[in-house]
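The listed protein sequences correspond, in order, to chains A and B.
Residue numbers are given in the working numbering: position 820 of the first sequence equals residue 821, and the series is strictly consecutive.
Residue numbers are given in the working numbering: position 625 of the second sequence equals residue 660, and the series is strictly consecutive.
We put the CB at the ideal spot given by N, CA and C, even for glycine.
Before any comments, here is the structure.
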Amino acid sequence: MAPSNPLANWERLGDSFYRKVPIYDAIFDDNVELENYIVAGAPYGGALALHRDETKPHRFRDARTAKSSIDIYSCSGKLINRLNWEHGTIRGLGWSDKEELLVITEDGTVRRYFGLYGDFTSFSLGNGAEEYGVRACRFWTAGFVALLANNQLIAVSSYDEPRPKLLAPCPEGEVSSWSLIPPAFTLSRSVEVLLAVDKTVYLVDPTEAEDKVLQNGPFKHASVSPTGRFVALITAEGKVWVVSSDFQSKYSEYDPESRVTPRTVDWCGDDAVVIAWEDEVHLIGPNGVAARYYYDGTVHVIPEFDGVRLITHDTCEFLHKVTEVTEAIFRLGSTSPASVLLDSIDLLEKKSPKADENIQRIRSSLPDAVDTCVKAAGHEFDAYWQKRLLKAASFGKSVLDLYNSDDFVEMTEKLRVLKAVRDYQIGLPISYDQYMRLTPEKLIERLVNRHEYLLAIRVSEFLQIPADKIFVHWASQKVKVSTVDDEAVCKLIVQRLDGKPGISFELIAQAAFDEGRTYLATQLLNHEPRAGKQVPLLLNMEEDEIALDKAIESGDNDLVLYVLLRLKTKHPLASFYRMINTRPMASALVETTAREEDTKLLKDLYYQDDRPIDGSNVLLSEALNETDMPRTTEKLHLASRLLADSKDATVVLQQKLLSEASQLLKVQETLDKEIADRSEFVGLSLNETVYRLIRSGYGKRAQKMQSEFKMPEKTYWWLRLRALVAKRDWGELEEIGKNKKSPIGWEPFYNEILGAGNTKLASLFVPKCTNQPVEDKVEMWVKCGMIVKAGEEALRAKDFNTLELLRTRASGPAVTEIDRMINQLRPRK
Amino acid sequence: MAPYPGSDADYLKDKARRDLLTLLEGVRGKKNLVVSQDLAGPVGLFVKFSLLQEYGVDRVFLLENANVDSSQRNVVFLVHAEKTRQVRTVADQIKRLQRNENVEHEFSIFWTPRRTLVSNAILEDVGIMGDVSIAELPLYFMPLEQDVLSLELDESFSDLYLHKDPGCVYLAAKALMGIQQRHGYFPRIIGKGDNARRLADLLLRMRKELDAEESSGLTDLSARGLLPSADTESLIIIDREVDFGTALLTQLTYEGLIDETVGIKHNQADVDTSIVGPTPVPQAQESSKAPQQTSKQGQKRKIQLDASDQLFSQLRDANFAIVGDILNRVARRLESDYESRHTAKTTTELREFVNKLPTYQLEHQSLRVHTNLAEEIMRNTRSDIFRKILEVQQNNAAGADATYQHDSVEELIARDVPLKTILRLLCLESCMSGGLRPRDLENFKRQIVHAYGHQHLLTFSALEKMELLQPRSTATAMLLPTTGTQPGSKTNYGYLRKNLRLVVEEVSEKDPSDIAYVYSGFAPLSIRLVQCVLQKPYILSLIRGGSAAPSAPSPASTASPGWLGFEDVVKSARGATFSIVQKGDDKAIRARQTLSGNNATKTVYVFFLGGITFTEIAALRFIAAQEAPRRKIVICTTGLINGDRMMEAAIEKGNFTQPE
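So this is what it looks like as structure tokens:
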């Protein structure tokens, strides 16, 4: 095949060139009358969706074609699938960048078809869409905006969890045209909409509708450039304006000299606008220069971010700006090093010595030239020129001593992939830039969606990308279409996928289950290595106990809780208990959640399990939460009755203490009534009650309580001591000090009273502390400020050193006293 | 040779901050942020409020206060999705705000550390699933220090041992997987305790699942099929259950004592301003506001306690007995530094001094704070009651007959010492000697119920469930010190005390030679277990010779991996014992080893499941310093714990008081 001229179809537009590359021809059957169809194309060279434009009359052929449908074609015209349509008037037909087809009907129902083969999910727009009706929709890669008949705008910005959101209310009036700016390019990070109403344009975001105050409306078209920086408008007079998206500056104006308003206005990259009538296309560059193309039939324009696809009945073409690298090489009369390098190949093949001469001439910029050739190869669609350029690069780098060939090698790989998918049988006319943006993984996804498994696997192996998803998709499809019995299918799938890492059998099983092949689903699920993944499906399959076991096995408490939640609502309590009884983790989780939310369940559980203490504890904590005294005591009574029959020592004690609690509450109630006049004692502990009684001077009652509740003597003495000190009842304390013995010794008396600051009274207790060693006693005296007494103590122990020390600390008459004692100890002098 | 530069702590901090800010950025315009109490502190660890403000956060509300208002259209919730109660609270508050019809709110929820199925179910039940945008913030480990990573799960202790809810084990496994994904998998996992075993099993299972998954992208080749790590040596998992006893003792390092007296949360302590003085105000405002700065009683001041405070780094792990000395020394040095201004003669010398002035002032401030804090702690430690408590503890730890201590405990009860202190003593006895005599236990039960209220019947039942306070079951248990009962069901301190030399009498607090310094003579069992893995020759010499001389780190110590040599001893501690080698592709291992060289520093991760105390951290740092050039120890935990917090998990908070 003769090489095409690389300059063919180049068109100069101002400073730059545009070229229109023919990709496929002979696309559609003759019976497809393209002029009567609405055509929507998926981004990145994706599939085309055709739906007959119901506003136009069409020839009646036979009943089959008369039926309304959405036809999905590849770009090369291969019919992938036909979706019968009987769901009402379509108001929006568009694609997401995952190649999901979105169909919005007049009543606001959104159908999202994924996988090109008719699987879909649907949701409703709400927000009055049903009432007013959807008028039109505009799409961006991840969402869309619907315009209602009452000028309300509804935005959906995620298809996985669709949340239709109303944008700010817009002004009344006829909307002559509209367009949106994707969230990625707006300041607000939310989608914004340009709405041409009357003579002006409004910018609508979720919070407000801002009037841009223009005078040249009504604008018949508005279109935002791929980067959201520019807006193309068709004015009332039919002129094309290019303005900045904030409407502050106008960049160019172009008069198409046509009275008919163009059918579509789109952007070709970020620098040029494509306006199209039925059979005429104008490409408008900066400063209003333009190129014109004429066609025989209807032409449909499908915008991409780096150009436009032009679809006619016979051809599919890609119109885009010639990249700098390509321009540098192929432009007529180009003398760039890369261009020279390419020429050298010809010379080399002719074995001309000039080849070397050329190389020497561009030696200094040879690395750049090689890079340029490699890059330019990527942007070529023709294999001949790809090879040619790569050859030039290869020649160039062979001359260089050091050159990193990674880019070169990668480019060859990419080109092979691109060539494979651009083949007309696959029909993905993706450009190099688009491929880079789409990523290889997504490209493989698209192949899988077209059921091109073999190619997908080859590509993923070639690029070393995990192929698990391809296998899973294949297997799911197998499950759906195969008619052989379950065993055989399962065997086939397991055999085929054996040893492949990362296969999610859960997804395949889900597909089997969705097809109603439950047995097959169970069989497949057994091969799933991830326990957690099996759970949701098992629940759907009503394999509840297995689901619970698998959840526990996964160790994920959330999963276990989730299963339990489902099981609790589904099963009668008795069988629910049976299920959790044998599984400690499950019952622990049930107990914990029930404690917060459902104590009745807890009581039942403990009753069934025969755990009286736990059961009575639940009642006890309920008693604590009661605000009403009779009910508190009632709950306590219940709690203690639960334990009544047991002979176990701990249970007996527990029961005794519970009844004691009610008894204490009763006593406290009386106290409140008789001496406090308000709720003072109820709720205190026994010790606190006794302490308070003593402090308030009700010693008798305190004593009564002590005997009533069998409080140990030691505890009582401590409480009395602390209460009296707090009351500063020194007289009473002195009275107690007259006792012979104290069960807690006398040191605590000394310490507590001293701590309260009464040194005089404290000192009374020093002689009673008979067990203390002399040094401590001396110190005790000193702390009371009684040096002399301390001295006497030391004297008794004949401790000379201590006396000496004491003298340094003494003052006034005490000094002479101490001196006297010292002298006593020195009888010799 | 880490595959990525930077320590785990820095990496995690940076990642957490980036993740949160990206999420915040995704919510357009100004917003009110609602944070749950248990996240407010941790979030403060990696992001400052001023930075949040830059990202449009107008005001921050606490979830528990339920006071978020309609002042902003956007309301963002940042809440743990693991806790059903909190999820419900979020749902309630959204419903409440929705009822206010003047403002149409935009709600976003950031679930951390992951979005759970249960939270989805709850939101669906309430019917607001469609009205909120939901994202997840994968917060697992939060770096407290360069060598301490914590999950900061406040309730992990009660979840694990009281409610038997293994949720935090799962989160721990997730967090450790994060580390494995960064460094390659741990060549060896060593552990002690049943929950530790569960964690290790989960790690193995997750690795298998990850290997099976292999659906990672092209770019991230290293994540595909994890390789064994070349720069980590092992992961040691210790279940708190193995050694409750240590955590019940009063911590005696400086940081430990601060924790015991005022409490440390997320590296911060709330201290009364009457102790440490008011918060210093920036210079500019000081003059104008000076008159109002009288320190009022009852006001709290937050004090940051981390490595950014140089003085604190010196003090934190020292035994409190020598803190005074260090403070004195620093004070004196600082003074002489100040004095140097008089000797400055030339202008350059003067300028130098002026340049250093801010550092001096900072140091001075921190010195003042710590002196005051230390004095406050001293006041406490000198008290009669503290001394009594300590005496009971030390006797229990040393294995003296616990019944002799009962009188002291009874006295403390009668003196109305806080309940948790009493319970700590009883639990300590129960742990150390395999339970209390049933008669004694009954007696104490009665006394405590009398002294603190009958609601504490519930407290006792909780403690029993946690196996912290139990009756001694059989007669054989009385003979505990000599023979083990059925091994593994209970930690036999009597046996271990002897065979691992838990009690080291002659340890010097100033210049410690053994980890026992952290409890003034008692070496935490949990850390001894770690030493059994890392410092075998030292432990052997301890047992044999009895001299506490630090042995020179011999290269042979790495030769016997796992529990080798100590299997029998370790059996006497509670729970499963295991040492798992994670095998990988041999060729890959060898390739890695050649690449990294063999003499590089290897990291040992020590994971404390159920919580770690500050003293144990100090002890681990002590070991780390000994092992310094060859090994690095990174301490991981579910959260920080001390005896009080353990008790609080069990103590019933309700009482019989009737509201008026």
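Starting from Arg417 of chain A, trace the alpha helix (DSSP H) in both directions and tell me its first and last residue. Mapped onto the first sequence, residue 417 of chain A falls at position 416. 407-423 is the span of the alpha helix (DSSP H), which, as asked, contains Arg417 of chain A.
Would Gly93 of chain A and Ala137 of chain A qualify as a contact pair, given that the criterion is a beta-carbon distance under 9 Å? For this step, residue 93 of chain A is matched to residue 92 along the first sequence. For this step, residue 137 of chain A is matched to residue 136 along the first sequence. Result yes, Cβ atoms of Gly93 of chain A and Ala137 of chain A sit closer than 9 Å.
For Tyr208 of chain A and chain B, any beta-carbon pair shorter than 9 Å? Working through the first sequence from its first residue, we reach residue 208 of chain A at position 207. Correcting the residue identity first, residue 208 of chain A is Thr in this sequence and not Tyr. Closer than 9 Å to some Cβ of chain B, the Cβ of Thr208 of chain A qualifies, so yes.
Cβ-based contacts, 8 Å cut-off: residues of the segment 486-508 of chain B near chain A: Ala486, Tyr487, Gly488, His489, Gln490, Leu492, Leu493, Ser496, Pro506
Give the interface partners of Tyr205 of chain B over in chain A, defined as CB-CB distance under 7 Å, in chain order. For the purposes of this step, residue 205 of chain B is identified with residue 170 of the second sequence, where counting begins at 1. Per Cβ cutoff of 7 Å: Gly556, Asp557, Asn558.
Using DSSP with H/G/I as helix, E/B as strand and the rest coil, what is Val161 of chain B? Mapped onto the second sequence, residue 161 of chain B falls at position 126. Of the three classes helix, strand and coil, the one that applies to Val161 of chain B here is helix, per DSSP.
The alpha helix (DSSP H) enclosing Glu714 of chain A, as first and last residue numbers: As a first step, residue 714 of chain A is located in the first sequence; it is residue number 713 there, counting from the start. Where Glu714 of chain A is concerned, the enclosing alpha helix (DSSP H) stretches over 714-728.
For Phe766 of chain A versus Gly738 of chain A, is the C-beta spacing smaller than 9 Å? In the first sequence, counting from the first residue as 1, residue 766 of chain A sits at position 765. In the first sequence, counting from the first residue as 1, residue 738 of chain A sits at position 737. Yes, the Cβ-Cβ distance between Phe766 of chain A and Gly738 of chain A is below 9 Å.
Short of 7 Å Cβ to Cβ, which residues in the segment 384-400 of chain B face chain A? none
The alpha helix (DSSP H) that contains Thr228 of chain A, what's its start and end? The count along the first sequence starts at 1 and reaches residue 228 of chain A at position 227. Where Thr228 of chain A is concerned, there is no enclosing alpha helix (DSSP H), given that its DSSP letter is neither H nor E.
Cα-Cα separation, Arg808 of chain A to Trp782 of chain A: Within the first sequence, the letter at position 807 stands for residue 808 of chain A. Within the first sequence, the letter at position 781 stands for residue 782 of chain A. Cα to Cα, Arg808 of chain A sits roughly 14 Å from Trp782 of chain A.
Under the rule that 16 or more other beta-carbon atoms within 10 Å means buried, what is Asp679 of chain B, buried or exposed? The residue you call residue 679 of chain B lines up with position 644 of the second sequence. So Asp679 of chain B counts as buried.
Using the Cα positions of Pro713 of chain A and Leu658 of chain A, report the straight-line distance between them to the nearest angstrom. Taking the first sequence and counting its residues from 1, one reaches residue 713 of chain A at position 712. Taking the first sequence and counting its residues from 1, one reaches residue 658 of chain A at position 657. The straight-line gap from Cα to Cα measures roughly 16 Å.
Can you tell me whether Ser812 of chain A is buried or exposed, with buried defined as 16 or more other CB within 10 angstroms of its CB? Numbered from its first residue, the first sequence carries residue 812 of chain A at position 811. By the 10 Å Cβ count, Ser812 of chain A comes out exposed.
Take Ser269 of chain B as the anchor and find which of B:Val297, B:Arg223, B:Asp246, B:Asp236 has the nearest alpha-carbon. Numbered from its first residue, the second sequence carries residue 269 of chain B at position 234. Checking every option, the nearest Cα to that of Ser269 of chain B belongs to B:Arg223.
Using 8 Å as the Cβ pair cut-off and three pairs as the minimum, do the segment 262-277 of chain A and the segment 222-239 of chain A touch? yes
Around the Cβ of Arg497 of chain A, are there at least 16 other Cβ atoms within 10 angstroms (buried) or fewer (exposed)? Position 496 of the first sequence holds residue 497 of chain A. Its Cβ having fewer than 16 others within 10 Å, Arg497 of chain A is exposed.
Closer than 8 Å between beta carbons: that is the criterion. Which residues of the segment 470-487 of chain B meet it against chain A? Pro473, Glu477, Lys480, Arg481, Gln482, Val484, His485, Ala486, Tyr487
Considering only residues of the segment 622-677 of chain A, which uninterrupted beta strand (DSSP E) runs meet the minimum length of 3 residues and lie entirely inside it, listed in chain order? none
Quick one: what's Phe18 of chain A bridged to in DSSP? Position 17 of the first sequence, counted from the first residue, corresponds to residue 18 of chain A. Partner(s): A:Arg13.
The beta strand (DSSP E) that contains Ala291 of chain A, what's its start and end? In the first sequence, counting from the first residue as 1, residue 291 of chain A sits at position 290. From DSSP, the beta strand (DSSP E) with Ala291 of chain A extends over 291-295.
Which term fits Ser582 of chain B, buried or exposed, when burial requires 16 or more other beta carbons within 10 angstroms of its beta carbon? The sequence position of residue 582 of chain B within the second sequence is 547, counting from 1. Reliability fails at Ser582 of chain B, whose pLDDT of 47 lies under 50, so the model's placement of it is uncertain and no value is given.
Looking at the unbroken beta strand (DSSP E) that takes in Met787 of chain A, where does it start and where does it end? Numbered from its first residue, the first sequence carries residue 787 of chain A at position 786. That residue, Met787 of chain A, is in no beta strand (DSSP E); it is neither H nor E in DSSP.
In this structure, how does DSSP classify Thr648 of chain B when only helix, strand and coil are distinguished? For the purposes of this step, residue 648 of chain B is taken as the residue at position 613 of the second sequence. DSSP places Thr648 of chain B in coil when its eight states are reduced to three.
Rounded to the nearest angstrom, what separates Ile553 of chain A and Val561 of chain A at their Cα positions? What you label residue 553 of chain A is simply residue 552 of the first sequence in a count that begins at 1. What you label residue 561 of chain A is simply residue 560 of the first sequence in a count that begins at 1. For Ile553 of chain A and Val561 of chain A, the distance between alpha carbons rounds to 6 Å.
Would Gln656 of chain A and Ser663 of chain A qualify as a contact pair, given that the criterion is a beta-carbon distance under 9 Å? For the purposes of this step, residue 656 of chain A is taken as residue 655 along the first sequence, with counting starting at 1. For the purposes of this step, residue 663 of chain A is taken as residue 662 along the first sequence, with counting starting at 1. Not closer than 9 Å, so no.
Measure the C-alpha to C-alpha separation of Glu173 of chain A and Ala210 of chain A and round it to an integer number of angstroms. In the first sequence, the residue the question calls residue 173 of chain A occupies position 172. In the first sequence, the residue the question calls residue 210 of chain A occupies position 209. Computed Cα separation, rounded: 12 Å.
Under 7 Å between beta-carbons, which chain B residues line up against Gln773 of chain A? List them in chain order, please. The count along the first sequence starts at 1 and reaches residue 773 of chain A at position 772. Chain B residues near Gln773 of chain A: none, gap ~14 Å exceeds 7 Å.
Exposed unless 16 or more other CB atoms sit within 10 angstroms - verdict on Gly758 of chain A: By 1-based counting over the first sequence, the position of residue 758 of chain A is 757. Label assigned to Gly758 of chain A: exposed.
Could you give the distance in angstroms between the alpha-carbon of Ala265 of chain B and the alpha-carbon of Phe231 of chain A? If you number the second sequence from 1, residue 265 of chain B lands on position 230. If you number the first sequence from 1, residue 231 of chain A lands on position 230. Answer to the nearest angstrom: the Cα atoms are 54 Å apart.
Measure the beta-carbon distance from Pro559 of chain B to Thr383 of chain B and round it to whole angstroms, keeping in mind my assumption that it falls under 8 Å. Along the second sequence, one-based indexing puts residue 559 of chain B at 524. Along the second sequence, one-based indexing puts residue 383 of chain B at 348. That belief does not hold up - the Cβ atoms of Pro559 of chain B and Thr383 of chain B are roughly 52 Å apart, past 8 Å.
I need the boundaries of the beta strand (DSSP E) containing Gln693 of chain B, first residue and last residue. Counting from 1 along the second sequence, the entry for residue 693 of chain B is found at position 658. That residue, Gln693 of chain B, is in no beta strand (DSSP E); it is neither H nor E in DSSP.
Among A:Trp278, A:Ile695, A:Asp407, A:Gly286, whose alpha-carbon lies nearest the alpha-carbon of Trp268 of chain A? Looking up residue 268 of chain A in the first sequence gives position 267. If we check each option's Cα against that of Trp268 of chain A, A:Gly286 comes out closest.
Sorted by chain position, which residues of the same chain lie with C-beta nearer than 6 Å to Ser418 of chain B's C-beta, five sequence neighbours on each side aside? Counting from 1 along the second sequence, the entry for residue 418 of chain B is found at position 383. Hits under 6 Å: none found.
Can you find a heavy atom of the ligand NAP that lies under 8 Å from the Cβ of Ser191 of chain B? The ligand NAP is not part of the structure shown, which contains no ligands of any sort.
Are the CB atoms of Asp166 of chain B and Ala659 of chain B nearer to each other than 9 Å? Position 131 of the second sequence, counting from 1, holds the residue named residue 166 of chain B. Position 624 of the second sequence, counting from 1, holds the residue named residue 659 of chain B. No, they are not a contact pair.
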